Amino acid sequence: MFRIYSYPLRFVLSMLLCVYILFPSCKHKAPTSFSLSSQNELDSFFYALNRNYPIPGLGIVIVKDNKIYYKAFGSTDVSSHKAFTDTSLFFTGNLSELMVATAIIKLAEAGQISLDDPVIKYLPYFKLESKTYMDITIKHLLSNSSGVPHHNPVWDLPNYDNGALELTTRSIALQVPRFERPGSRVFRSAYNFDILADLISKVSGKPFENYMKLNLLQPLEMTKSSFLLHDLDTSALAKPHFISNWYSYAVTRARLYPYNRENAGSIGFHTSVKDLSSWMYMLLHDGKLPDGTQFLKKASLKDLMTIQYQTNVANSFVGYAWEIEKADRRYIYHKEHQMGGFSAEICLIPEEKTGIFIVGNIADDFNTESIIHQVSSYLDGGKLPKIGKPVYIAMGLAYEKTHNNVAEAIAIYKAAKLKKNYETGPASLAQFGINLLYRIKRIPDAIEVFKFCCNEYPALASAHLNLAEAYMLNHQPYEAKAEVAKIKKQPYDTNDVSARLAMIKKALKIERDSLYK
Numbered sequence: 004m005f006r007i008y009s010y011p012l013r014f015v016l017s018m019l020l021c022v023y024i025l026f027p028s029c030k031h032k033a034p035t036s037f038s039l040s041s042q043n044e045l046d047s048f049f050y051a052l053n054r055n056y057p058i059p060g061l062g063i064v065i066v067k068d069n070k071i072y073y074k075a076f077g078s079t080d081v082s083s084h085k086a087f088t089d090t091s092l093f094f095t096g097n098l099s100e101l102m103v104a105t106a107i108i109k110l111a112e113a114g115q116i117s118l119d120d121p122v123i124k125y126l127p128y129f130k131l132e133s134k135t136y137m138d139i140t141i142k143h144l145l146s147n148s149s150g151v152p153h154h155n156p157v158w159d160l161p162n163y164d165n166g167a168l169e170l171t172t173r174s175i176a177l178q179v180p181r182f183e184r185p186g187s188r189v190f191r192s193a194y195n196f197d198i199l200a201d202l203i204s205k206v207s208g209k210p211f212e213n214y215m216k217l218n219l220l221q222p223l224e225m226t227k228s229s230f231l232l233h234d235l236d237t238s239a240l241a242k243p244h245f246i247s248n249w250y251s252y253a254v255t256r257a258r259l260y261p262y263n264r265e266n267a268g269s270i271g272f273h274t275s276v277k278d279l280s281s282w283m284y285m286l287l288h289d290g291k292l293p294d295g296t297q298f299l300k301k302a303s304l305k306d307l308m309t310i311q312y313q314t315n316v317a318n319s320f321v322g323y324a325w326e327i328e329k330a331d332r333r334y335i336y337h338k339e340h341q342m343g344g345f346s347a348e349i350c351l352i353p354e355e356k357t358g359i360f361i362v363g364n365i366a367d368d369f370n371t372e373s374i375i376h377q378v379s380s381y382l383d384g385g386k387l388p389k390i391g392k393p394v395y396i397a398m399g400l401a402y403e404k405t406h407n408n409v410a411e412a413i414a415i416y417k418a419a420k421l422k423k424n425y426e427t428g429p430a431s432l433a434q435f436g437i438n439l440l441y442r443i444k445r446i447p448d449a450i451e452v453f454k455f456c457c458n459e460y461p462a463l464a465s466a467h468l469n470l471a472e473a474y475m476l477n478h479q480p481y482e483a484k485a486e487v488a489k490i491k492k493q494p495y496d497t498n499d500v501s502a503r504l505a506m507i508k509k510a511l512k513i514e515r516d517s518l519y520k
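Numbering-wise, the sequence shown is residues 4 to 520 according to the working numbering.
Structure representation (structure tokens):
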């Protein structure tokens, strides 16, 4: 028999108050904005970037610890000058694959699939011209280790039918995989994620885009986002653009919009910076949304962000749709694209709860990697650089006006460096030479610019490398070899110098061998 005790109400309330004081961590800490001074610094930096560079519209998301910043600048269309806002929708290219991977992990968490299940369990019509295609699993598709051949997406004849994704899966039935044994290598193919999108549709019994909206995007508070173009408010949709004149850097709206439902899984996702901030926050905060809702269990999030393979490049790895690098003992998750008149890149450092996303509605010469590096340095306590108009645009205008007089273009650079009225760093100078070499096809003039660059910046390996490449294209292997010899004695000032140097050496060897045939 139990004895019943009665306690005064005042005592009960005081005990509850003690519990609240002793365990404050039970309450979710809502995200906050960056400090006003930080917001002003970031606003000024991105405004200057949008104003001085040929970027019609620019969108940014930054998550740092419990702080969120998202902003948009410029216009969605250079013709109408409609403002690019934090709710404007844009094409995300192959960043769509990251959302598909999130949905697959969510299905696995619910017990509807297992990542080790063979694809043919859900898509019996999935086939390749090999004896091992039946061994390809969902995990192999997620990690680009299936061997499925790569095909570039097309949007000149888009398919809008509900069966578009199944058509993509069936289209490779007679093709030979890139390697015979699934899981033995990594070969990146957008079709992996189109097939996964088809699988999501068949498992859920719903069109892929409907499933993603109801079970992923809406729970993630991404209410304006969609994989289905016809769902979107076209008046809020950013339009694609390209550079139509490499002298003046004139920007023109693209005629075709990059959408085809056959590639919905790999390039179909459309979102806004406001919506995207919620998904990024979740990835960096143990699967929790900004309002504290647990979207993914911690174990599921760990699966989503686990390294799957090491590539043949040191400190480079592949995850589920993620490219992963190890730098300064930190694992950096990133993905980028330049296609269809758009550019975007996302970079996450989960252990530091840091995420940066950049998007622009132009695909030409928009260096998202450089911007992310500058913002990352700022978040680590550094300063944002001052953004000026790049000198290569002024050089291009002078070159065109004087009917291809490279000396006049170089004179513009010298004057700008004295007056400090343009951005005159080595990258900006080199860009003019790169345009001459690859876009305008004036190789001798490009060589003159790169020679000048080497004189201005003799310690930069990239300057000599640019000149070596120009010499090779001009069939001057001995001069190229001389520049390569100079590179050996100097530090590598850019991340890609090693790879480019290896390619030049290989080309020199081929050139040398051909002389003895």
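Note that CB positions come from ideal geometry on N, CA and C, so glycine has one too.
These numbers come from a predicted model, not from an experiment.
- I123 - containing beta strand (DSSP E), residue span: Here residue 123 refers to the residue found at position 120 of the sequence shown. Run containing I123: none; DSSP gives neither H nor E here.
- Query: What is the DSSP secondary structure of F49, reduced to helix, strand or coil?
  - Reply: As a position in the sequence shown, residue 49 is number 46, starting the count at 1. F49 falls in the helix class under three-state DSSP.
- Please list, in chain order, all residues of the same chain as A558 whose beta carbon is under 6 Å from its beta carbon, the five residues on each side excluded. Residue 558 is absent from the model: the chain starts at 4 and stops at 520.
- Item | Backbone CA spacing between I349 and V66 [nearest angstrom] | As a working note, residue 349 is residue 346 in the sequence shown. As a working note, residue 66 is residue 63 in the sequence shown. Taking the straight line from one Cα to the other gives about 11 Å.
- Message: Output needed for I374: all residues of its chain with C-beta closer than 6 Å, excluding positions within five of it in sequence on either side, in chain order.
- Response: Locating residue 374 in the sequence shown gives position 371, where the first residue counts as 1. Correct list, in chain order: I361.
- Cβ contact (3+ pairs, closer than 8 Å) linking the segment 267-276 and the segment 222-237: yes
- Message: Please identify the residue among F320, I413, P293 and Y474 whose C-alpha is closest to the C-alpha of T35.
- Response: As a working mapping, residue 35 is identified with position 32 in the sequence shown. Comparing Cα positions, the closest option is P293.
- Note the first and the last residue of the continuous beta strand (DSSP E) segment covering N218. For the purposes of this step, residue 218 is taken as residue 215 along the sequence shown, with counting starting at 1. Neither: N218 is in no beta strand (DSSP E) and is coded neither H nor E.
- Task: Would you kindly work out how many angstroms separate the C-alpha atoms of T255 and N248, rounded to a whole number?
- Result: As a first step, residue 255 must be located in the sequence shown, where it is residue number 252. As a first step, residue 248 must be located in the sequence shown, where it is residue number 245. Looking at the two C-alpha atoms, the distance is approximately 9 Å.
- Task: Would you identify the three-state DSSP class for L421, choosing helix, strand or coil?
- Result: Numbered from its first residue, the sequence shown carries residue 421 at position 418. Residue state, collapsed to three classes: helix.
- Query: For the alpha helix (DSSP H) that I443 lies in, which residues bound it at each end?
  - Reply: Taking the first residue of the sequence shown as 1, we reach residue 443 at position 440. From DSSP, I443 is part of no alpha helix (DSSP H); its letter is neither H nor E.
- Message: If you follow the alpha helix (DSSP H) that K276 is in, where does it begin and where does it stop?
- Response: Position 273 of the sequence shown, counting from 1, holds the residue named residue 276. Residue 276 is actually Val in this sequence, not Lys. Its alpha helix (DSSP H) spans residues V276 to L287.
- Item | Stretch-stretch touch, CB-based, cutoff 8 Å, three pairs: the segment 280-295 with the segment 63-82 | yes
- Taking all protein chains shown into account, decide if F26 is buried (16 or more other Cβ within 10 angstroms of its Cβ) or exposed. For the purposes of this step, residue 26 is taken as the residue at position 23 of the sequence shown. Bear in mind that a pLDDT of 44 at F26, under 50, signals an unreliable position, so the model cannot answer this.
- Task: Just the C-alpha distance for C29 and F298, rounded to the nearest angstrom, thanks.
- Result: By 1-based counting over the sequence shown, the position of residue 29 is 26. By 1-based counting over the sequence shown, the position of residue 298 is 295. Bear in mind that the predicted position of C29 carries a pLDDT of just 47, short of 50, making it too unreliable to give a figure here.
- Query: In three-state terms, what does DSSP make of K109?
  - Reply: Taking the sequence shown and counting its residues from 1, the one referred to as residue 109 is at position 106. If DSSP states are grouped into helix, strand and coil, K109 belongs with the helices.
- Message: Per the DSSP calculation, I71 is bridged to which residue(s)?
- Response: Position 68 of the sequence shown holds residue 71. Residue pairing by DSSP places I71 opposite V66 in a beta bridge.
- Using 10 angstroms around the beta-carbon of I24, count the other beta-carbons present and answer buried if the total reaches 16, otherwise exposed. Against the sequence shown, residue 24 aligns to sequence position 21. Caution is warranted here: a pLDDT of 40 is assigned to I24, below 50, making its placement in the model unreliable, and the coordinate value is therefore given only provisionally. Label assigned to I24: exposed.
- For Q313, which of P388, A200 and S187 has the nearest alpha-carbon? For the purposes of this step, residue 313 is taken as residue 310 along the sequence shown, with counting starting at 1. Ranking P388, A200 and S187 by CA distance to the CA of Q313 puts S187 first.
- Query: In chain order, what residues of the same chain have a beta carbon less than 7 Å from the beta carbon of F48, not counting five sequence neighbours either side?
  - Reply: Translated into positions along the sequence shown, residue 48 becomes position 45. The answer, listed in chain order, is L387 and I390.
- Item | Expected contact under 8 Å - CB spacing of L199 and L118 to nearest Å | The residue you call residue 199 lines up with position 196 of the sequence shown. The residue you call residue 118 lines up with position 115 of the sequence shown. Contact flag wrong, Cβ pair sits at about 11 Å.
- Task: Please indicate yes or no: does the CB of A464 lie closer than 7 Å to some heavy atom of the ligand NAD?
- Result: This structure simply doesn't include the ligand NAD, nor any ligand for that matter.
- What are the partner residues of N263, as DSSP defines its beta bridges? Translated into the one-based positions of the sequence shown, residue 263 becomes position 260. Bridge partners of N263: none, in fact.
- Message: Please state whether the Cβ-Cβ distance between N218 and K109 is less than 8 Å.
- Response: In the sequence shown, the residue the question calls residue 218 occupies position 215. In the sequence shown, the residue the question calls residue 109 occupies position 106. Yes, Cβ-Cβ distance for N218 and K109 is below 8 Å.
- Message: For a quick check, are the C-beta atoms of S346 and T371 less than 8 Å apart?
- Response: Taking the first residue of the sequence shown as 1, we reach residue 346 at position 343. Taking the first residue of the sequence shown as 1, we reach residue 371 at position 368. A contact, by the Cβ cut-off of 8 Å.
- Task: Work out the CA separation of A464 and K512 for me, nearest whole Å.
- Result: Numbered from its first residue, the sequence shown carries residue 512 at position 509. Numbered from its first residue, the sequence shown carries residue 464 at position 461. Computed Cα separation, rounded: 20 Å.
- For the candidate residues K305, M137, K338 and I352, whose alpha-carbon lies nearest to that of A330? Residue numbering aside, residue 330 sits at position 327 when the sequence shown is read from its first letter. Of the listed residues, the one whose Cα sits closest to A330 is I352.
- Message: Tell me the DSSP secondary structure of V206 in three-state form.
- Response: Mapped onto the sequence shown, residue 206 falls at position 203. V206 sits in a helix when the DSSP states are folded into three classes.
- Verify whether the separation of the beta carbon atoms of V122 and T140 is less than 8 Å. On the sequence shown, position 119 is the one that residue 122 refers to. On the sequence shown, position 137 is the one that residue 140 refers to. The answer is yes: Cβ separation under 8 Å.
- Message: Tell me the rounded alpha-carbon separation between N147 and H153.
- Response: One-based indexing of the sequence shown puts residue 147 at position 144. One-based indexing of the sequence shown puts residue 153 at position 150. About 10 Å.
- Message: What does the alpha-carbon distance come out to for the pair I507 and E472?
- Response: Mapped onto the sequence shown, residue 507 falls at position 504. Mapped onto the sequence shown, residue 472 falls at position 469. When rounded, the separation of the alpha-carbon atoms in I507 and E472 is 7 Å.
- Item | N- and C-terminal bounds of the beta strand (DSSP E) containing G358 | In the sequence shown, residue 358 corresponds to position 355, counting from 1. G358 -> beta strand (DSSP E) spans T357 to G363.
- Message: Assuming R256 is part of the alpha helix (DSSP H), what are its boundary residues?
- Response: Within the sequence shown, residue 256 is the residue found at index 253, counting from 1. Not the alpha helix (DSSP H): R256 falls in the beta strand (DSSP E), residues A253 to R256.
- In the structure shown, what three-state DSSP assignment does E403 receive? Counting from 1 along the sequence shown, the entry for residue 403 is found at position 400. DSSP places E403 in helix when its eight states are reduced to three.
- Message: I'd like to check one pair, N53 with H77: are the Cβ atoms closer than 8 Å?
- Response: Numbered from its first residue, the sequence shown carries residue 77 at position 74. Numbered from its first residue, the sequence shown carries residue 53 at position 50. Sequence check: residue 77 is Gly here, not His. Taking 8 Å as the Cβ cut-off, G77 and N53 qualify as a contacting pair.
- Task: Return the chain-ordered list of same chain residues with a C-beta closer than 6 Å to the C-beta of I415, the five sequence neighbours on each side being excluded.
- Result: In the sequence shown, the residue the question calls residue 415 occupies position 412. Hits under 6 Å: A397, M398 and A401.
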